[in-house]
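2 protein chains.
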Amino acid sequence: MIQDPQLDDTFAALANGTRRAILARLAKGQASVNELAEPFDMSLPAISKHIKVLENAGLIERGRDAQFRPCNLNAAPLREVSNWAEQYRHIWEDRFDRMDTVLQQLKEETNE
Amino acid sequence: MIQDPQLDDTFAALANGTRRAILARLAKGQASVNELAEPFDMSLPAISKHIKVLENAGLIERGRDAQFRPCNLNAAPLREVSNWAEQYRHIWEDRFDRMDTVLQQLKEETNE
DNA sequence: GCTACAATAAACTGGTTAGTTAATTAATCA
DNA sequence: TGATTAATTAACTAACCAGTTTATTGTAGC
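So the sequence lines, in the order shown, correspond to chains A and B.
Residue numbering for the first sequence follows UniProt numbering, beginning at 1 and increasing consecutively.
Residue numbering for the second sequence follows UniProt numbering, beginning at 1 and increasing consecutively.
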C-alpha cells in the first residue's frame, strides 16, 4: 500500500506548476497540444514532454483528430491522491483539538 | 494558486515510497532517525537525506533530546494536497454521468 | 506530389536526486 | 579525558529532469 509506484508517478507528475496548470486547463475540457502550450512562455517540445509525463502517470488520455492529438483529463489517479491524503486528515484536524485542549487548560489556570 | 512552489515541494517529497513510509510511521508518533531507518535496507545517511527532504517540505518538525533528533509529523501541508485534489472530485465522479450520456446517445443512434 | 500545420523525436546542457562509503560533529557516560 | 552512540556532512557516482534547438513524422488540402 505504501510502496506504490503508481502513486510515485502521480505525485511526481503533480510536483510541477506547469503540469498542474495543464490539468487545470483540461478540467475545462479537451484541448490540443498547441492550445495547451499557448499560455506558457516555453517551447512546444517542452510542453509535449510535460504532456507525456502526465500521460505516463495516467492523468491524460489522448485521441487522434486529423493532425491533432486531443488531450483529455483522467482524474482517476487524483482520487487515489485524495484517498491517500485523507488517511492523515485526523492528524491535521487533531492539531486544533490539541489547541482547544491547550486553550482550555489556559482558561482553567487563569480562573484559579 | 497554480504556480505554488510550496505545493511543488510537497508533491515532490511525496513522490517516493520510502518517504511516504516514514510519514506513515510518524503518524503513529514521534521517532528518532535510527528508529525511522530500522525497517529499510538502506544506509543511515540515505534516510537522513529523506528526512531532510520531508523537513524542507514542512512535513516534519524536529527537536533535540540528548543525542537524539526526534521527528514529528506536521500534516498541515497534506491538507493543502487534499484541498488541491478535491478541486477535481466532481470530474472523477462525473465520469459515470458522462458514461451515461454516451450510452444514451448510442441507444438513440441505434434506434434511428 | 508539394505545401502547411500539428506534434514528436533526437541530441544536447545544466541542475537535481537517490544512493554509496568515509569522515565529522555533538552529546552522554564511565 | 576517552569511548560510545546518534546523526550529519563531504565527496562521489549513476540516473533523471526541465529546458533548449534542430530535424523528422504524420495528416490534410490544393
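Every residue gets a Cβ at the ideal spot worked out from N, C-alpha and C, and that includes glycine.
* **Beta-carbon spacing of Asn34 of chain A, Asp8 of chain B below 9 Å** => Within the first sequence, the letter at position 34 stands for residue 34 of chain A. Within the second sequence, the letter at position 8 stands for residue 8 of chain B. Not in contact: Asn34 of chain A and Asp8 of chain B (Cβ atoms no closer than 9 Å).
Should Asn16 of chain B be flagged as near chain A, meaning a C-beta pair shorter than 9 Å? Walking along the second sequence from the start, residue 16 of chain B turns up at place 16. So, interface residue.
For residue 117 of chain B, tell me which candidate among B:Gln67, B:Leu78 and B:Leu26 has the shortest Cα-Cα distance. Because chain B here runs from 1 to 112, residue 117 of chain B falls outside it and cannot be looked at.
Alpha carbons only, please: which of A:Glu38, A:Ala21, A:Ala31 and A:Ile22 is nearest the one belonging to Phe68 of chain A? Counted from its first residue, the first sequence places residue 68 of chain A at position 68. Cα-wise, what sits closest to Phe68 of chain A is A:Ala31.
Which residues in chain A have a C-beta closer than 8 Å to the C-beta of Val81 of chain B? List them in chain order.
Position 81 of the second sequence, counting from 1, holds the residue named residue 81 of chain B. Here the neighbours are Val81 and Ala85.
Which whole-angstrom value describes the C-beta separation of Ile47 of chain B and Leu54 of chain B, a residue pair presumed to lie in contact below a C-beta threshold of 8 Å?
Position 47 of the second sequence, counting from 1, holds the residue named residue 47 of chain B. Position 54 of the second sequence, counting from 1, holds the residue named residue 54 of chain B. No, Ile47 of chain B and Leu54 of chain B are not in contact; Cβ-Cβ is about 11 Å, not under 8 Å.
Original post:
Comparing the C-beta of Arg62 of chain B with each C-beta of chain A, is any distance below 9 Å?
Top reply: Along the second sequence, read from residue 1 onward, the residue named residue 62 of chain B stands at position 62. Judged by the 9 Å Cβ criterion, Arg62 of chain B is not in contact with chain A.
Please state if the CB of Leu73 of chain B and the CB of Ile91 of chain A are separated by a distance shorter than 9 Å.
Along the first sequence, read from residue 1 onward, the residue named residue 91 of chain A stands at position 91. Along the second sequence, read from residue 1 onward, the residue named residue 73 of chain B stands at position 73. Closer than 9 Å, so yes.
**Prompt:** Just by C-beta distance, which residues in the stretch 45-77 of chain B are closer than 7 Å to chain A?
**Reply:** Considering only beta carbons, the part of the stretch 45-77 of chain B lying closer than 7 Å to chain A consists of Leu73, Ala75 and Ala76, in chain order.
For Ala31 of chain A: DSSP bridge partner residues: Looking up residue 31 of chain A in the first sequence gives position 31. DSSP output for Ala31 of chain A lists A:Cys71 as bridge partner(s).
Practice prompt. Using a threshold of 9 Å, state whether the C-beta atoms of Ala85 of chain B and Val81 of chain A are closer than that.
Written response: As a first step, residue 85 of chain B must be located in the second sequence, where it is residue number 85. As a first step, residue 81 of chain A must be located in the first sequence, where it is residue number 81. Yes, the pair counts as a contact, with Cβ atoms nearer than the cut-off.
Exercise. Specify the secondary structure class of Arg62 of chain A as computed by DSSP and reduced to three states.
Key: Residue 62 of chain A sits at position 62 when you count from the first residue of the first sequence. Arg62 of chain A: strand per DSSP, three-state reduction.
| field | Under 9 Å between C-beta atoms of Pro70 of chain B and Gly58 of chain B | value | The residue given as residue 70 of chain B occupies position 70 in the second sequence. The residue given as residue 58 of chain B occupies position 58 in the second sequence. No, the Cβ-Cβ distance between Pro70 of chain B and Gly58 of chain B is not below 9 Å.
Out of A:Arg79, A:Arg89, A:Asn56 and A:Asp4, which one is the CA nearest neighbour of residue 113 of chain B?
The question about residue 113 of chain B has no answer, for chain B in this structure spans 1 to 112.
Can you tell which of B:Arg89, B:Ala24, B:Ala75 and B:Arg79 has its C-alpha closest to the C-alpha of Ala75 of chain A? As a working note, residue 75 of chain A is residue 75 in the first sequence. With distances taken between Cα atoms, Ala75 of chain A lies closest to B:Arg89.
Query - Pick from A:Asn83, A:Gln87, A:Arg79 and A:Asp94 that is closest to Glu93 of chain B, judged by C-alpha positions - result: Locating residue 93 of chain B in the second sequence gives position 93, counting from the first residue. Ranking the options by Cα distance to Glu93 of chain B, first place goes to A:Arg79.
- Task: Just the chain B side, please: which residues come within less than 7 Å of Phe11 of chain A by C-beta, in chain order?
- Result: For the purposes of this step, residue 11 of chain A is identified with residue 11 of the first sequence, where counting begins at 1. Phe11, Leu14 and Ala15, listed in chain order.
Candidates B:Leu14, B:Ala24, B:Phe40 and B:Ala13: which alpha carbon is nearest Gln87 of chain A's?
What you label residue 87 of chain A is simply residue 87 of the first sequence in a count that begins at 1. The residue with the shortest Cα to Cα distance from Gln87 of chain A is B:Ala24.
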